[in-house]
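In my numbering, the protein residues as written are 440 to 581.
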């Protein structure tokens, strides 16, 4: 029986830079960083408030074939990849704090039917969405 989601992958162009960004800028914790086999590096991070969910910071390569890996690299370089949705207590305050740390935002905090949302990029070009959630119903989108 499946009990939860324990691992998700975020593709990155440089595992060291990505790890530094998620740990030093966003406040995640470093978990695993090992090299296996022929240079395959397994790097994971987790947020302290959700330790059961690890994020793998993976460079495009095996098990992807070369065409798929090249496509993913291209999408990262164009800034066209989605990444994670991150829950925050106060979206506007988090936006100010992260902006002061040099984080690039694509969208300033804005009111949405489901809460306040801002969109930023990580160091590989992935979109990360910050959401300060509030209760909503389908009628709120009409």
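Each residue gets a CB set at the ideal place from its N, CA and C atoms; glycine is no exception. Bear in mind that the values here come from a model prediction, so they are computed numbers and not experimental data.
Whole-angstrom C-beta distance between residue 450 and residue 515, which should lie under 8 Å:
Here residue 515 refers to the residue found at position 76 when the chain shown is read from its first residue. Here residue 450 refers to the residue found at position 11 when the chain shown is read from its first residue. So it is a contact: roughly 6 Å between Cβ atoms.
Check each candidate in 502, 536 and 442 and name the one with the smallest Cα separation from residue 476.
The sequence position of residue 476 within the chain shown is 37, counting from 1. Scanning 502, 536 and 442 for the CA closest to the CA of residue 476 turns up 502.
Checking the sheet assignment: what are the DSSP bridge partners for residue 469?
Looking up residue 469 in the chain shown gives position 30. Paired residue(s): 484.
Specify the secondary structure class of residue 476 as computed by DSSP and reduced to three states.
For this step, residue 476 is matched to residue 37 along the chain shown. It is coil, neither helix nor strand.
Please report how far the alpha carbon of residue 471 lies from the alpha carbon of residue 454, in whole angstroms.
On the chain shown, position 32 is the one that residue 471 refers to. On the chain shown, position 15 is the one that residue 454 refers to. Each residue's Cα considered, the two are about 12 Å apart.
Taking DSSP's pairing of strands, which residues face residue 544 in a bridge?
Here residue 544 is taken as the residue at index 105 of the chain shown, counted from 1. Its beta-bridge partners are 559.
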